[in-house]
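Enquirer: Below is one structure. I have some questions about it.
Number of protein chains: 2
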Amino acid sequence: MERSTRQRQAIRDVMTELDRPLSPTEVLEAARHKVPSMGIATVYRTLKGLVEEGSAVPVELPGEAPRYELAGKKHHHHFHCTLCGKVFELEGCPGDFSFMLPRGFKTEKHEIVLYGRCSECLK
Amino acid sequence: MERSTRQRQAIRDVMTELDRPLSPTEVLEAARHKVPSMGIATVYRTLKGLVEEGSAVPVELPGEAPRYELAGKKHHHHFHCTLCGKVFELEGCPGDFSFMLPRGFKTEKHEIVLYGRCSECLK
DNA sequence: ATCATATTGATAAATCATTATCACAATGTC
DNA sequence: GACATTGTGATAATGATTTATCAATATGAT
Numbered sequence: 164m165e166r167s168t169r170q171r172q173a174i175r176d177v178m179t180e181l182d183r184p185l186s187p188t189e190v191l192e193a194a195r196h197k198v199p200s201m202g203i204a205t206v207y208r209t210l211k212g213l214v215e216e217g218s219a220v221p222v223e224l225p226g227e228a229p230r231y232e233l234a235g236k237k238h239h240h241h242f243h244c245t246l247c248g249k250v251f252e253l254e255g256c257p258g259d260f261s262f263m264l265p266r267g268f269k270t271e272k273h274e275i276v277l278y279g280r281c282s283e284c285l286k
Numbered sequence: 164m165e166r167s168t169r170q171r172q173a174i175r176d177v178m179t180e181l182d183r184p185l186s187p188t189e190v191l192e193a194a195r196h197k198v199p200s201m202g203i204a205t206v207y208r209t210l211k212g213l214v215e216e217g218s219a220v221p222v223e224l225p226g227e228a229p230r231y232e233l234a235g236k237k238h239h240h241h242f243h244c245t246l247c248g249k250v251f252e253l254e255g256c257p258g259d260f261s262f263m264l265p266r267g268f269k270t271e272k273h274e275i276v277l278y279g280r281c282s283e284c285l286k
């Protein structure tokens, strides 16, 4: 991640503009609108580099290959549209799940995923 | 799933006895205590059959291959021990996540996964 | 107990996401 | 602008999980 290339800039731009967790394939499709020659290998390479340098983080959802979003966001969870498949960032969090813990267990973190229809798919 | 075999009974027994979501490998290891000759193919075949007949359900956790648990349990979520890797069933649920939904979105279901140390790993 | 056939176990093959390879192109330093 | 070097794109290779294959075995109806 030393040189500034059209491809890398396009990928960063796409992640900023769409502002939701994107799969490598989604990144490729969107980035090709800016750099039509882009290949999937470049997407994987760049996403890996962004994660290593700390400017992106992987978003793992049940039964799905990792998506990626820009780092630095505050604690949040995700919504997965069951129709279009897009994942969106959610605000808010119930916060305390200790009442669900069996005796003797200790929790470090949690994940919440809501499933349903996004506003676009409900139109 | 027509005949009753030692292998299938062993797999059902293991799932009942351990009473937590099990990966195919975990099922194999436990079932071999009952039927030492058991092969991994039989585990996959049997789990698939159990799911098809509705007596087991897949449990998908972020970044993990599916585990399987017996069907018929009431709404619940899961705890994933970050040390031993075992997954446990949790009781209770905050229930309402509508306050997290963006305007125009509708939710159908949700998943919660807690991560931390199980009681065995804290001893 | 016999027999038709479903099941098993070992392993080859298929899948799918991701990474490695490598010739060619682009970057940016001098 | 020349050049050393990094980056790209096409695609082969990899790794992990799951499924297919098939000869041998076990089941259960007769």
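Line by line, the protein sequences are chains H and S.
This note's numbering applies: residue 164 is where the first sequence begins, and numbers increase by one.
This note's numbering applies: residue 164 is where the second sequence begins, and numbers increase by one.
For glycine and all other residues, C-beta sits at the position ideal for the given N, C-alpha and C.
Owing to the predicted nature of the structure, the values given are computational and were not obtained by experimental measurement.
Would isoleucine 275/S be called buried (16 or more neighbouring beta carbons within 10 Å of its own) or exposed?
Expert: Classification of isoleucine 275/S: buried, given that the 10 Å Cβ count is 16 or more.
Enquirer: Whole angstroms are fine: how far does the CA of isoleucine 174/H sit from the CA of threonine 209/H?
Expert: Cα to Cα, threonine 209/H sits roughly 8 Å from isoleucine 174/H.
Enquirer: When the cut-off is 8 Å and only beta carbons count, does leucine 253/S lie next to chain H?
Expert: Yes - at least one Cβ of chain H is within 8 Å of the one on leucine 253/S.
Enquirer: Give me whichever residues DSSP pairs with phenylalanine 242/S in a beta bridge.
Expert: DSSP output for phenylalanine 242/S lists Phe251/S, Leu277/S as bridge partner(s).
Enquirer: Is it the case that the Cβ atoms of arginine 169/H and valine 198/H are separated by a distance below 8 Å?
Expert: Yes. Within cutoff.
Enquirer: Inspect the beta-carbon positions of cysteine 284/H and phenylalanine 251/H and report whether they are closer than 8 Å.
Expert: The answer is no: Cβ separation not under 8 Å.
Enquirer: Tell me, which residues are paired with glutamate 232/H by DSSP?
Expert: For glutamate 232/H, which the question treats as bridged, DSSP gives the partners Val220/H.
Enquirer: Below 7 Å CB to CB, which residues in the same chain sit around alanine 234/H once its five sequence neighbours on both sides are set aside?
Expert: So the qualifying residues of the chain are Gly217, Ser218, Ala219, Val220.
Enquirer: Could you please tell me which residues of the segment 254-278 of chain H, in chain order, have their CB closer than 8 Å to any CB of chain S?
Expert: Flagged, chain order: Glu254, Gly255, Cys256, Pro257, Phe260, Phe262, Met263, Leu264, Pro265, Arg266, Gly267, Phe268, Lys269, Thr270, Glu271, Lys272, His273, Glu274, Ile275, Val276, Leu277, Tyr278.
Enquirer: Any contact between the segment 245-259 of chain H and the segment 229-249 of chain S? By contact I mean 3 or more CB pairs, one from each, below 8 Å.
Expert: As far as the Cβ criterion goes, the segment 245-259 of chain H does not touch the segment 229-249 of chain S, which means the pair count is below three.
Enquirer: My output table needs one value for proline 184/H: the three-state DSSP class, helix, strand or coil.
Expert: Proline 184/H: coil per DSSP, three-state reduction.
Enquirer: Using three-state DSSP, classify lysine 286/S as helix, strand or coil.
Expert: Three-state DSSP puts lysine 286/S in coil, outside helix and strand.
Enquirer: Please confirm whether cysteine 281/H has its beta-carbon closer than 8 Å to some beta-carbon of chain S.
Expert: At least one chain S Cβ lies under 8 Å of cysteine 281/H.
Enquirer: So histidine 240/H contacts chain S; which residues on that side make the cut at Cβ distance below 8 Å?
Expert: Near histidine 240/H (Cβ distances below 8 Å), the residues of chain S are Met263.
Enquirer: Which of the three DSSP states, helix, strand or coil, is assigned to threonine 270/S?
Expert: Threonine 270/S: strand per DSSP, three-state reduction.
Enquirer: Threonine 188/H CB to nearest chain S CB: under 8 Å?
Expert: No, because no Cβ of chain S sits closer than 8 Å to the Cβ of threonine 188/H.
Enquirer: Measuring CB to CB, does threonine 270/H end up less than 8 Å from glycine 267/S?
Expert: The answer is no: Cβ separation not under 8 Å.
Enquirer: Assign proline 187/H to one of two classes, buried (16 or more other C-beta atoms within 10 Å of its C-beta) or exposed (fewer than that).
Expert: Buried, because 16 or more other Cβ atoms sit within 10 Å of the Cβ of proline 187/H.
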